[in-house]
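Enquirer: Using the UniProt record's numbering, read the sequence shown as starting at 1 and increasing by one per residue. Where a beta carbon is used, it is the ideal one built from N, C-alpha and C, also for glycine.
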Amino acid sequence: MAPAVAADPDGGGMSDIVETLLAAAGLPAHPAEVRGHAVKYPDLRAAVDALYAIPEARYAVPATRFDARPGEPGWEQ
Numbered sequence: 001m002a003p004a005v006a007a008d009p010d011g012g013g014m015s016d017i018v019e020t021l022l023a024a025a026g027l028p029a030h031p032a033e034v035r036g037h038a039v040k041y042p043d044l045r046a047a048v049d050a051l052y053a054i055p056e057a058r059y060a061v062p063a064t065r066f067d068a069r070p071g072e073p074g075w076e077q
């Protein structure tokens, strides 16, 4: 019985995932680039998942969202 994801020599089966993600983003990539990203993908994915694993940060607003409109009392100070 064959594995669900075919193993590739450098990416441990991650090349298909990386190709799909790049295609969804509209980013072309040479097969060598895909293999390079496939090698790094599991560690990068784990690092991103760890950012959301902190219970205290579950309801926090990400730093990428900043509302510069005045509205809070004392904002002008």
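Three-state secondary structure (DSSP) at residue 17?
Expert: Three-state DSSP puts residue 17 in a helix.
Enquirer: Is the CB-CB distance between residue 14 and residue 41 below 8 Å?
Expert: A contact, by the Cβ cut-off of 8 Å.
Enquirer: Where residue 35 and residue 43 are concerned, what is the direct C-alpha to C-alpha distance, given to the nearest angstrom?
Expert: Their backbone Cα atoms lie some 14 Å apart in a straight line.
Enquirer: According to DSSP, is residue 78 helix, strand or coil?
Expert: For residue 78 there is no data in the structure shown, the boundaries of the chain being 1 and 77.
Enquirer: How big is the Cα-Cα spacing for residue 18 and residue 59?
Expert: Cα to Cα, residue 18 sits roughly 29 Å from residue 59.
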